[in-house]
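There are 2 protein chains.
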Amino acid sequence: MDERLTERKKKVLQALIDRYITSVEPISSGDIQKKYLPDVSPATIRSELSHLEEMGYLIKPHISAGRVPSSKAYRYYVENFISDEDIDLEQLRKNISQNYDSVVEIVRNGAKIVSDVTNYTSMLMIANSDTLTIKDIKLLDMYDGSALVLIITDSGVIKDKEIKLPKIEDNYVEVANGLLAKSFAGKTLSQILSSQMQVDLDSELEDFRQIFEGVFELLSEYKKSREGQLFVEGADKIFDYPESKNYDNVKNFMSLVGKKEKLQELMKDDADIEFSIKIGAEDAAGLDNMALVSAKYHVKGKEVGQLGVIGPERMDYKKVLSVLKQLGKIIDNLDD
Amino acid sequence: MDERLTERKKKVLQALIDRYITSVEPISSGDIQKKYLPDVSPATIRSELSHLEEMGYLIKPHISAGRVPSSKAYRYYVENFISDEDIDLEQLRKNISQNYDSVVEIVRNGAKIVSDVTNYTSMLMIANSDTLTIKDIKLLDMYDGSALVLIITDSGVIKDKEIKLPKIEDNYVEVANGLLAKSFAGKTLSQILSSQMQVDLDSELEDFRQIFEGVFELLSEYKKSREGQLFVEGADKIFDYPESKNYDNVKNFMSLVGKKEKLQELMKDDADIEFSIKIGAEDAAGLDNMALVSAKYHVKGKEVGQLGVIGPERMDYKKVLSVLKQLGKIIDNLDD
DNA sequence: TTTAGCAGTCGAGCATTGAGAGTGCTAACA
DNA sequence: TGTTAGCACTCTCAATGCTCGACTGCTAAA
């Protein structure tokens, strides 16, 4: 989009969006003139508006109403009108430190925090664990025919689970431990779970096949259990928006928020972008009149998931972006 | 409530409710006469209806409309008109076995299953862990200044976590293990976490205070992390109900479903009842025009949580109860 | 006790109306 | 060429009144 807007058109557009975001009612030429551009007449603004409408930035609900921003306008808005200075860091910090004790709690409650602070519906999706690296695997004999499997990973997470042991010979567990470490240490979860590697092991380590199969099963179960888990908070926030006056909006919103798979899909879409903003149905099917802002989260530099906000297209992008950014920093910078 | 209803009144009431549950529109005298009691005239039914209304079982939305059941009517209905025979066991079994492989998955997806099958919003709450019994606690030296804590409980759950070790002397971990086992084995989580016991230990085991404190912390964190976790599925189901035509209904419903604390409270209320049915605001504040059916869940005889359905007051109680009962049996009877 | 008949009540749907809000256009002006 | 005032036009919204249809409650008779 290399359409250039004149300075005045920019001003008008920004004024209209700013105003619309707070009032959520069609904005008229007189409105803008009074509060933002008192030096020109409403008629002038009308002609600017009508031009902006031609360019696709504005929509008229009907002929005798004011105008409303289009998705394109919001996109222009987030790209051009939002700067980092708008961020209110301290307030969020205070808010969080007042209500949450530990880091773990903050991460666990990420969605709730964001929803509380922004007053929009928000969601937290746990990153998939493909790049999780195994540091060590240990079997711990429980002396009752089973063993405890400990999987030590690079993100400090340890997965525990019991598996049944085959007939136990004296140093069976010990040997198995050595083999497991040798086979798995340093590998990522997805490397391990690729079928190729399974075949290799099958032929080489016949005696320990059972153990290995158990471990594979545990790993894949673990992976599955973490796969894109998604938590939604504040779904009822929509009733605080004026948009909820319109039944279809509520229904759309709710049916989207209810479909976790759909949300996961939306969140996953841009796995490689730090911040993603999707506005309206043109950006993602099903997002009619809605927008989704999401951000990656890291703990000690390692990606742990995504946090997102979903709300009406006219959401307060400044606020949402600043909250997501700040929370991201807070989470990433903590020393456990 | 020891009001006796005549046989005919019962018939009329049941007919009206049955009909209302499917049509969700006020039921008229003629309606009932035609489909249920063709041997008497509408006028007769009218007088019965007007009597039932006096008794508080029926409500007239307005004078020229038919009648609608009151909360009291639903209560009478679930207590008197539902028998166990109505249950359709096979279909549910099939449905579940088609879509889910393992028991773990069924438990994890309990809310989703119930929501899918009943077409109502449903929720799953994990039981609190007060009665969880510790079988053993083991420290596993990681040789990097920290140790892995393994807590082996009676429900096969094993909690894993690292804690920092104080200066390590040779057999420190070994001794600690002995002490931990001696102190904790056989106790329940709530026994351990009572402050009384902490004091005992403080005086007796000064050298290992740090370890014990670490373990206490882990246990209480564990408890907290499991405390009444609640998952809601199918919140958007309300849009399939005719009730959603009414904006206030939707809003009420959504704001209840959005408030997890409130839902937890409602679920916890009757912790000692196997099946609980709450109908309308008289049974629980905030439940206007809604009903909540919930049931305890057990795995191998041990309570693991509650499953509930929340929907309009006129929900299909037969179906919901049968699904909850059957799923309960399926979960309890499985051999891992 | 039951019933038929009938008057009475109310809601849903529809058309009509007037007020209010904004726009687009035109013609004049800088 | 860009800006402006003025005005006609369009459309929504809320209020009003109307009719139609659906039930009920009552009364009087069986």
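Sequence order for the protein chains is B and F. Count along the first sequence starting at 1, add 4, and that's the number in this note's numbering. Count along the second sequence starting at 1, add 4, and that's the number in this note's numbering. We put the CB at the ideal spot given by N, CA and C, even for glycine. Fair warning: this is a prediction, and the values are worked out from it, not measured in the lab.
Check	Outcome
With 16 other Cβ atoms within 10 Å as the buried cut-off, status of K300(F)	buried
Range of the contiguous beta strand (DSSP E) that encloses F220(F)	That residue, F220(F), is in no beta strand (DSSP E); its alpha helix (DSSP H) goes R213 to R230.
Three-state secondary structure assigned by DSSP to K168(B)	strand
C-alpha distance - F279(B) paired with S298(B), whole-angstrom precision	6 Å
Member of Y251(F), F235(F), E237(F) and S194(F) whose CA lies at the smallest distance from the CA of S224(F)	S194(F)
Per-residue burial, E265(B) [other beta carbons within 10 Å of its own, 16 or more giving buried]	exposed
Backbone CA spacing between G149(B) and N175(B) [nearest angstrom]	14 Å
Simplified DSSP assignment, three categories, for I242(B)	helix
Distance cut-off 7 Å: G315(B) Cβ against heavy atoms of the ligand ZN	Because no ligand of any kind appears in the structure shown, any question about the ligand ZN cannot be addressed here.
Beta carbon proximity, L154(B) to chain F, threshold 8 Å	yes
Between the CA atoms of S187(F) and F235(F) - distance to the nearest angstrom	35 Å
Chain B within 8 Å of M351(F), Cβ atoms only	Here chain F covers residues 5 to 340 and nothing more, so residue 351(F) does not appear.
Residue nearest to V324(B) in terms of C-alpha spacing, selected from I138(B), S126(B), G309(B) and I242(B)	S126(B)
Q310(B) in three-state terms, based on DSSP	strand
Residue from Q18(B), R8(B) and I277(B) with nearest C-alpha to K322(B)	Q18(B)
Chain F contact for G262(B) (CB, 8 Å cutoff)	yes
Short CB-CB distance (under 8 Å) between G149(F) and chain B	no
Cβ-based contacts, 8 Å cut-off: residues of the segment 237–262 of chain B near chain F	G238, A239, D240, K241, I242, F243, S248, Y251, V254, K255, M258, S259, V261 and G262
S198(F) versus N113(B): straight-line alpha-carbon distance, rounded	27 Å
Which listed residue (T26(F), V16(F) and V28(F)) has its alpha carbon closest to that of G34(F)	V16(F)
Beta-carbon gap between H302(B) and D336(B) smaller than 8 Å	yes
Where R50(B) falls: helix, strand or coil (DSSP)	helix
Collapsed DSSP secondary structure at D120(F) in the structure displayed	helix
C-beta contact flag for L154(F) and I141(F) at 8 Å	yes
Separation of F212(B) from D145(F), as counted between CA atoms	25 Å
Cβ neighbours of K191(F) in the same chain (closer than 6 Å, five flanking residues each side left out)	I138
Buried or exposed by the 16-neighbour rule on C-beta atoms within 10 Å, applied to G262(B)	buried
C-alpha gap between L152(B) and D158(B), whole angstroms	19 Å
V153(F) - DSSP class collapsed to helix/strand/coil	strand
Closest Cα partner of D320(B) within the set L9(B), I25(B), T10(B) and E11(B)	I25(B)
Proximity winner among G232(F), D244(F) and I196(F), relative to L222(F) (alpha-carbon distances)	I196(F)
Nearest-angstrom Cα separation, counted from K13(B) out to A47(B)	14 Å
Euclidean distance between Cα positions of L56(B) and V308(B)	42 Å
Outcome for I21(B) when other beta-carbon atoms lying within 10 angstroms are tallied against a minimum of 16	buried
Extent of the continuous alpha helix (DSSP H) to which G325(F) belongs	The sequence as given places Leu at residue 325(F); Gly does not occur at that position. First-last of the alpha helix (DSSP H) with L325(F): Y321 to D336.
Unbroken alpha helix (DSSP H) run spanning A180(F), endpoints	Y176 to F188
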